[in-house]
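Chains as they are written, first to last, in our numbering: chain L, 7 to 138; chain W, 7 to 300. Here is the structure we will look at.
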């Protein structure tokens, strides 16, 4: 039978299940924050998101901006000394909102200018990452 | 040499210059790129979620197409397609249960056996053609042109999908050298341009563009060569917001085509502060009257 760690809340289990990562491995070195190109656009750093996730702080995690300004560039993943695929944790955090049908982008609200300017790969990847 | 080729959606619309210059340049190098007869959108981004197999169908269906064509390699030049197809391929090669599920779901297709290798055009140029062979076929060496190679994210991350050791990006630098230009190293060769945040948070992409262009300029580059159509769009379009910070942006295949003396499809570019033509004209590398402004 699968052992269940009583200290892991359903939220932590869900993040780990979707991301396939053991978030408990993070020892808060901050290398992810140092390599993240978009941290300045968010309210908390990737390191802080990892800590809040470890502690099961669901509301703080889901309301933070960092996973939404993430561009999936994988700098955090490539540099993590604990081997955590942090980009997958970011994806799990996004999906926990998106799977409740809470979208970050509304395709209907995009300006004609944006649609004319950007290539398909920009649109499709944004919709894949930011809509349910 | 004949290789299966998947151009991808963007190369058939906004980035036709990338597609056409790729096919022209490879033709000049004796490599025929045989476009898959019925490819579909790869989904653009690889799904990171462990419980999401649905989004692997689109890339794997393209691998079935390549298998039907009989090729061992599937060549892509769009960095998004490359990363998505390569990672989906690795996922199903390593997880036979996931491959079985996908094969069962796509019951109208032949089963994917996992024997196709997804390669980026730079890998073909390096491994199948070779830098010396390329240098030998150059008709129009791009002398005195200082080019910063901008690799972006998806050619080097994650490590299992990288075209070369990620801590030492050099394939594009080697190509730039082979065609007679001077490659310029700069600190942001593999940092992110902001990618799809162009849709939801355009200010992020403007900030990323400012940093990348500044670091390329301070390193002495005169232009930036890219592989990814989204990097190209982000770095080009956002220069309109950045005043004096100007830097031409060009697909590496256009430089290659130009050096090989075949159509570089530069005339397909729109008029833009990042247009590469004025710089190339000033260096005497293109004929001023050959450029047709749209």
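For each residue, glycine too, the CB sits at the ideal point set by N, CA and C.
In this structure, the alpha-carbon of residue 73 of chain W lies about 44 Å from that of residue 36 of chain L. For residue 230 of chain W, the three-state secondary structure derived from DSSP is strand.
With at least 16 other beta carbons inside 10 angstroms of its own, residue 238 of chain W counts as buried. The stretch 107 to 124 of chain W makes no contact with the stretch 143 to 162 of chain W; the number of CB pairs closer than 8 Å stays below 3. If you draw a straight line from the Cα of residue 262 of chain W to the Cα of residue 181 of chain W, it comes to about 8 Å. For the C-beta of residue 165 of chain W, the chain L residues within less than 8 Å are, from N- to C-terminus, 84.
In the DSSP assignment, residue 212 of chain W falls within the unbroken alpha helix (DSSP H) covering 208 to 224.
Under the three-state reduction of DSSP, residue 166 of chain W is assigned to helix. In this structure residue 169 of chain W is buried. Its beta-carbon is surrounded by 16 or more other beta-carbon atoms within 10 angstroms. Chain W has a Cβ within less than 9 Å of the Cβ of residue 98 of chain L.
Across the stretch 190 to 215 of chain W, CB contacts with chain L closer than 7 Å involve 197, 198, 200, 201, 202, 203, 204, 205, 206, 207, 210, 214, in sequence order along the chain.
By the Cβ neighbour-count rule, residue 76 of chain W is exposed, with fewer than 16 other Cβ atoms within 10 Å of its own. For the stretch 114 to 125 of chain L, the residues whose beta carbon sits under 8 Å from a beta carbon of chain W are, in order, 116, 120, 123, 124, 125. For residue 38 of chain W, the uninterrupted beta strand (DSSP E) run begins and ends at 38 to 41, by DSSP. Take the alpha-carbon of residue 93 of chain L and the one of residue 82 of chain L: they are about 7 Å apart.
Residue W/68 holds the alpha-carbon nearest to the alpha-carbon of residue 121 of chain W among W/68, W/41, W/150. Close CB contacts of residue 61 of chain W within its chain, under the 6 Å cut and outside five residues either way in sequence, are with 49, 53 (chain order). Here the C-alpha atom of residue 124 of chain L lies approximately 46 Å from the C-alpha atom of residue 13 of chain L. Chain L places no beta carbon closer than 9 Å to that of residue 224 of chain W, leaving this residue out of the contacts.
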